[in-house]
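J.: Dropping the structure in here first, questions after.
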Amino acid sequence: MFTLRSDLPLRGGGSGRFVASLVMVLVFIAAFAVTLSSYVGVLISGWERGVSGTLTVQVPAGENFDAEVAKTLDVLARHPAVAHASLVPRAQVDALLKPWIGEGAVKDLPLPALIDVEMRDSDPAAVAAVDASVKAAAPRAVIDEHRVGLARVASFARGLGGVAAAIIVLVTAALAVTIIFATRASLTECAQVIEVLHVVGAKDGYVAGQFARRALLQAVTGGVAGLALYAPALGIVAVLAARVDPEILPPAHLPLAHWLALALLPPAAGVLAMLSANITVRRTLAAKI
Amino acid sequence: MFTLRSDLPLRGGGSGRFVASLVMVLVFIAAFAVTLSSYVGVLISGWERGVSGTLTVQVPAGENFDAEVAKTLDVLARHPAVAHASLVPRAQVDALLKPWIGEGAVKDLPLPALIDVEMRDSDPAAVAAVDASVKAAAPRAVIDEHRVGLARVASFARGLGGVAAAIIVLVTAALAVTIIFATRASLTECAQVIEVLHVVGAKDGYVAGQFARRALLQAVTGGVAGLALYAPALGIVAVLAARVDPEILPPAHLPLAHWLALALLPPAAGVLAMLSANITVRRTLAAKI
Amino acid sequence: MNPPTPQVEKKLPGDTISLNQVGLRYDGGPEVLSDLSLTIAPGSFHFLTGPSGAGKTSLLSLMYLAKRPTRGRVLLFGEDTTAAKRTRLAIMRRRLGVVFQDFRLLDHMTAFDNVALPLRVAGVAPGVVQRDVTELLKWVGLENEMDKHPPALSGGQQQRVAIARAVVNRPKLILADEPTGNVDDAIALRLMTLFVELHKIGSSVIIATHNHALVERFPFPRLHLEDGVLTRMPAARN
Amino acid sequence: MNPPTPQVEKKLPGDTISLNQVGLRYDGGPEVLSDLSLTIAPGSFHFLTGPSGAGKTSLLSLMYLAKRPTRGRVLLFGEDTTAAKRTRLAIMRRRLGVVFQDFRLLDHMTAFDNVALPLRVAGVAPGVVQRDVTELLKWVGLENEMDKHPPALSGGQQQRVAIARAVVNRPKLILADEPTGNVDDAIALRLMTLFVELHKIGSSVIIATHNHALVERFPFPRLHLEDGVLTRMPAARN
Ligand SMILES: Nc1ncnc2c1ncn2[C@@H]1O[C@H](COP(=O)(O)OP(=O)(O)OP(=O)(O)O)[C@@H](O)[C@H]1O
Ligand SMILES: Nc1ncnc2c1ncn2[C@@H]1O[C@H](COP(=O)(O)OP(=O)(O)OP(=O)(O)O)[C@@H](O)[C@H]1O
Ligand SMILES: [Mg+2]
Ligand SMILES: [Mg+2]
């Protein structure tokens, strides 16, 4: 029996505003934890994808160098498993080497040509097919699959992802505990209301339902307010982060799942508050005859 | 007039335990924020130090190569501004270059010798003195001060440090707001106590003091409990983090300042709760004549 | 005013209330009520007297199902309350009207809503609620205070709201604890008339009171408690 | 029992309390008290009567400094309460003893601690507190309930604790709102004797009550309020 009429002080007193304010603050914190974890997740998977979907083809210096390079590029461009292949400009190769062998040395070196290859598809069969085509065009060419990097990044992803998940689980658990405490505390004010409703013959479900509905409303209100506060705060952090070298903190598109998780915070807080109100009231009632 | 006797339900009811539990949960979250920020700080300053205190001396290949290298090493070893100088093994140089120019090419290259130098002192005068000495020993030698790297790391440090600080400020502000709300909410139960104390002739300071002391005690208790929870949770996160490649998440010695900041959380929470109780009670009293 | 003779209206199956060898103690303390056996017939009217601390409120709280006896049995409207389910007890409470010694009004509701509460909990139609509550509040002299909240009412006004709440659903059994302690004699008489009217249309009434003038003025039988023991028995046994 | 003649003990400088053209309204409502002027002489004893809602509690609340009049002036012990600082008001309150109509006991304290509260707030030595409180609780017949908390006391027992708290610091002015509404006649008499004893050693007393028997039994003058207007004046002017 869902009635809109309530026997409780809905907008009233400290208690109501209190659960709402508290949920606001906590959803705000939790939203940051979720964002941090999503961002780390995006970085990780970006690296993983960046590495696992690419190959580097080296064509060593030697006779027919230019012809071999041109042919290799042509073969790669037309290979069905390849999305994109491009020669790394000599200036860039020089820049990469300069820290290690000095400016003077680099100029004189007979450097190999490097070709960055983005694969459409990175399963071993496709890699083998590309390898075969390249070898046909330039027998001395070497394909580097970034296997070592891949293994390292994968271990990184697992480890850092685990830590991020642990932190978000801890924060969410703390959030849940707090909402439960807060809801129960806000009910201590209402002992008399419970008592009177009980005495005039209200059934347990009626009484518990009244409080559960109120707690739900308060927590959802607070949760939405928390997200409303989070938005500009995230803006500030994003502006600060944008001033950092983008190679270190690359701008990332947070996935839809992240925004969904944020959108779920208020209803989740509401359900928690509702359940804890319901249980608390029923326990209070069970102590009466 | 500080009396130990209290007119308030000290250990009593939901209200008391509630502020304590809430502060516990929040100090737990804040401790994690502080730890994260400290850890980032340690990583940043580690990188900064690692780069800013080092030089790389390149001795290009050519005639008298071995003699020049030996002489340079000797000069560096005896230079007062140098803490430590060592030749980078050829294998390591090869490994550095391999990804860029391929295994085959590396073997045949006339690579320069690289000498890692750790400075005792990294001011420009010392660097210039080392430069002069090295040039005397091997005229073609080049000193790389890592200036570019330094600038980049410094910008990284500033940016990431700013973001970390922003997040910790936000979490701490949220913590403060919550403690204030919680303390005020726990006082709504006590309206009658305030009323009665007022009516029997207690002065404002006496009434406010009673509540402030109780709030202080509750918040400090909660804060200490929060740290007690944080310790094992940090242990779990540390164990998880240790399974990540140490080059990505290097184990860091958190500075004393970090532990001091954590130790300050409970008293800070206590002072906040105390002040907000005091102000709330005085405001309640001011509404009476 | 009618004499307290056994009532014409006897719609209810068994006795209104019946206590059998009942004892009550508060967590481990001495027995506040001992060996109480009494039967209240339907449509009867009793005063409950006794010195302060004798156990009047405790006895009433057994009757309005706020406490379980530590021994003995309480039967309400012929049903054993020990065996009954919680939902059943809630239904039984709706046939009771209770005036608490300390009123127990809800401060966040207006006087009107406080009185309307039992009707709303029982799911009575809004129109009926409006009519009954307004009429009753007029009768107790609060037509101008309907929209005030209890803290804005005087002590006597609060007491009248508490009485109105207790009788608004025309209960089968009215239990009133010191219902005239805060009003003057004129209003006390008016309130007593209300109880007598309800008694006439079939309610059983028990009024705990210290007001000797009241007890003497109305010719209803008296139950007298002294130290947890009943020294004057219900009407039916007199 | 002494007659209510002006007292021998006249330690206090001015009049105990004096209201001058006082009016009171609750946030924007009609005036609950209008044009009230009265002077209570030191060592006097008055009953305050009037129908429910007449303004008795409101008048007392002006006297015990819980409300400011919306117009007019209230002088307590010769001091203008409008001008006084908060600390000064607190000191003045310590010379008052107030029995609230709804008791206002602190549920988390025992009966003993509730009664001890005014002494402790005033910084009285623990030995004295122990002696005075015990003695007083014996006098009101609660020697066995000292360690109980208010929710474990009967209505009349709570009322007696409230009275003990009001008089424990031998106040210069006792303001009691319906102090015998929940006790039987024997205890009411005993409590009245307590007020009379305090009156004899110099306290002024004002008791708001509906209990006509009490008013008739004691030969003290009556202030009568009717709709916020004083229709019977204090003793000195009779
Ligand atoms: N919750 C409780 N816990 C412990 N003792 C209680 C409790 N409630 C009442 N008592 C004790 O039980 C006895 C009877 O109390 P009860 O309230 O029934 O008396 P009463 O007859 O209603 O008195 P009054 O006329 O003063 O209201 C008293 O001695 C009281 O102290
Ligand atoms: N806080 C308040 N806000 C608004 N109106 C109030 C408030 N307190 C009292 N009143 C109104 O003021 C009038 C006088 O109330 P007061 O409590 O002084 O009466 P009283 O003489 O003590 O009555 P009783 O004998 O019933 O206790 C009443 O009509 C009441 O409704
Ligand atoms: Mg009682
Ligand atoms: Mg009154």
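Read top to bottom, the protein sequences are chains A, B, C and D.
Sequential numbering of the first sequence, starting at 1, is according to my numbering.
Sequential numbering of the second sequence, starting at 1001, is according to my numbering.
Sequential numbering of the third sequence, starting at 2001, is according to my numbering.
Sequential numbering of the fourth sequence, starting at 3001, is according to my numbering.
We put the beta carbon where it would ideally sit given N, CA and C, even for glycine.
(1) Could you check what DSSP says for residue 1064 (chain B) in three-state terms: helix, strand or coil?
(2) Can you give the beta carbon distance from residue 1282 (chain B) to residue 1208 (chain B), rounded, assuming they're within the 8 angstroms contact cut?
(3) Closer than 6 angstroms is what we want: which residues have a beta carbon that near any heavy atom of ligand 4? List them in chain order.
(4) Could one say the Cβ of residue 2121 (chain C) lies closer than 8 angstroms to chain A's Cβ atoms, at least one of them?
(5) Does the Cβ of residue 3053 (chain D) lie closer than 7 angstroms to at least one heavy atom of ligand 2?
(6) Using a Cβ cut-off of 8 angstroms (strictly closer), state whether residue 2166 (chain C) contacts chain D.
(7) Can you tell me whether residue 3049 (chain D) is helix, strand or coil according to DSSP?
(8) For ligand 2, I want to know if residue 2197 (chain C) counts as a neighbour, meaning its beta carbon is within less than 7 angstroms of at least one of the ligand's heavy atoms.
(9) Just grab the DSSP bridge partners of residue 3020 (chain D) for me.
(10) Taking residue 3184 (chain D) and residue 2051 (chain C) to be in contact with their CB atoms under 8 angstroms, please state how far apart those CB atoms are, rounded to whole angstroms.
(11) Measuring alpha carbon to alpha carbon, tell me which of C:2025, C:2035, C:2043, C:2039 ends up nearest residue 2200 (chain C).
(12) Between residue 3177 (chain D) and residue 3152 (chain D), which are expected to be in contact by the criterion C-beta below 8 angstroms, what is the C-beta distance as a whole number of angstroms?
(13) Is any beta-carbon of chain C found at less than 8 angstroms from that of residue 3020 (chain D)?
(14) Three Cβ pairs or more, each shorter than 8 angstroms: is that satisfied between the segment 1268-1285 of chain B and the segment 1218-1230 of chain B?
(15) Quick check: residue 3081 (chain D) and residue 3065 (chain D), are their CB atoms within less than 8 angstroms of each other?
(16) Expressed to the nearest angstrom, what Euclidean distance is found between the alpha-carbon atoms of residue 3010 (chain D) and residue 3167 (chain D)?
(17) From B:1279, B:1256, B:1275, pick the residue whose C-alpha is nearest to that of residue 1041 (chain B); which is it?
(18) Indicate the three-state DSSP secondary structure (helix, strand or coil) for residue 2157 (chain C) in the structure shown.
(19) Give me, in chain order, the residues of the same chain whose beta-carbon lies closer than 7 angstroms to that of residue 1180 (chain B); leave out the 5 immediate sequence neighbours on both sides.
(20) Can you check which of these residues, A:39, A:111, A:90, A:178, is closest to residue 258 (chain A) by C-alpha distance?
(21) Check each candidate in B:1136, B:1178, B:1033 and name the one with the smallest Cα separation from residue 22 (chain A).
(22) Is there contact between the segment 1062-1078 of chain B and the segment 1131-1138 of chain B, where contact requires at least three CB pairs shorter than 8 angstroms?
(23) Closer than 7 angstroms by beta-carbon distance: list the chain B residues that pair up with residue 3240 (chain D), in chain order.
(24) With a threshold of 8 angstroms between beta carbons, is residue 3128 (chain D) in contact with chain B?
(25) Using a Cβ-Cβ distance under 8 angstroms, would residue 2039 (chain C) count as near chain A?
(26) Residues of chain A with CB under 9 angstroms from residue 2090 (chain C), in chain order?
(27) Just the C-alpha distance for residue 1184 (chain B) and residue 1006 (chain B), rounded to the nearest angstrom, thanks.
(28) Work out the CA separation of residue 1083 (chain B) and residue 1090 (chain B) for me, nearest whole Å.
(29) Out of C:2118, C:2072, C:2113, which has the shortest C-alpha to C-alpha gap to residue 2092 (chain C)?
(30) Of all the beta strand (DSSP E) runs that stay within the bounds of the segment 3090-3121 of chain D, which reach a length of 3 or more residues?
(31) Quick check: is any heavy atom of ligand 2 less than 7 angstroms from the C-beta of residue 1288 (chain B)?
(32) Looking at C-beta atoms only, is the number of pairs between the segment 2029-2038 of chain C and the segment 1224-1239 of chain B that lie closer than 8 angstroms three or more?
(33) So, does the CB of residue 2056 (chain C) fall closer than 8 angstroms to a CB anywhere in chain A?
(34) What three-state label does DSSP hand residue 148 (chain A) in the structure shown?
(35) Any heavy atom of ligand 1 closer than 7 angstroms to the Cβ of residue 2026 (chain C)?
(36) For residue 2208 (chain C), report the span of its beta strand (DSSP E) as first-last.
T.: This is what the structure holds:
(1) coil
(2) Approximately 5 angstroms separates the beta-carbon atoms of residue 1282 (chain B) and residue 1208 (chain B); this is inside 8 angstroms, confirming the contact.
(3) Working through the chain, the matches are C:2154, C:2155, D:3056, D:3057, D:3101, D:3177.
(4) yes
(5) For ligand 2, at least one heavy atom lies less than 7 angstroms from the Cβ of residue 3053 (chain D).
(6) no
(7) strand
(8) no
(9) D:3073
(10) 5 angstroms
(11) C:2043
(12) Wrong, their Cβ atoms sit about 24 angstroms apart, outside the cutoff.
(13) No, residue 3020 (chain D) does not count as interfacial toward chain C.
(14) yes
(15) yes
(16) Only weak support is given to the placement of residue 3010 (chain D): the predicted model assigns it a pLDDT of 42, under 50, and the value that follows is read from those uncertain coordinates. Approximately 19 angstroms, taken between the alpha carbons.
(17) B:1256
(18) helix
(19) For residue 1180 (chain B), same chain residues with a beta-carbon under 7 angstroms away, outside a window of 5 residues either side, are 1272, 1276 in chain order.
(20) A:39
(21) B:1178
(22) yes
(23) Because chain D in this structure spans residues 3001 to 3238, residue 3240 (chain D) falls outside the shown range and cannot be described.
(24) no
(25) With 8 angstroms as the cut-off, residue 2039 (chain C) does not count as an interface residue toward chain A.
(26) 198, 201, 202, 203, 204, 206
(27) 19 angstroms
(28) 22 angstroms
(29) C:2118
(30) 3096-3099
(31) No, ligand 2 has no heavy atom inside 7 angstroms of this Cβ.
(32) no
(33) no
(34) Low confidence applies here, because residue 148 (chain A) scores a pLDDT of 47, under 50, leaving its location unreliable and the question unanswered by this model.
(35) Under cutoff, so the answer is yes.
(36) Following the DSSP letters along the chain, one finds residue 2208 (chain C) inside the beta strand (DSSP E) bounded by residues 2204-2208.
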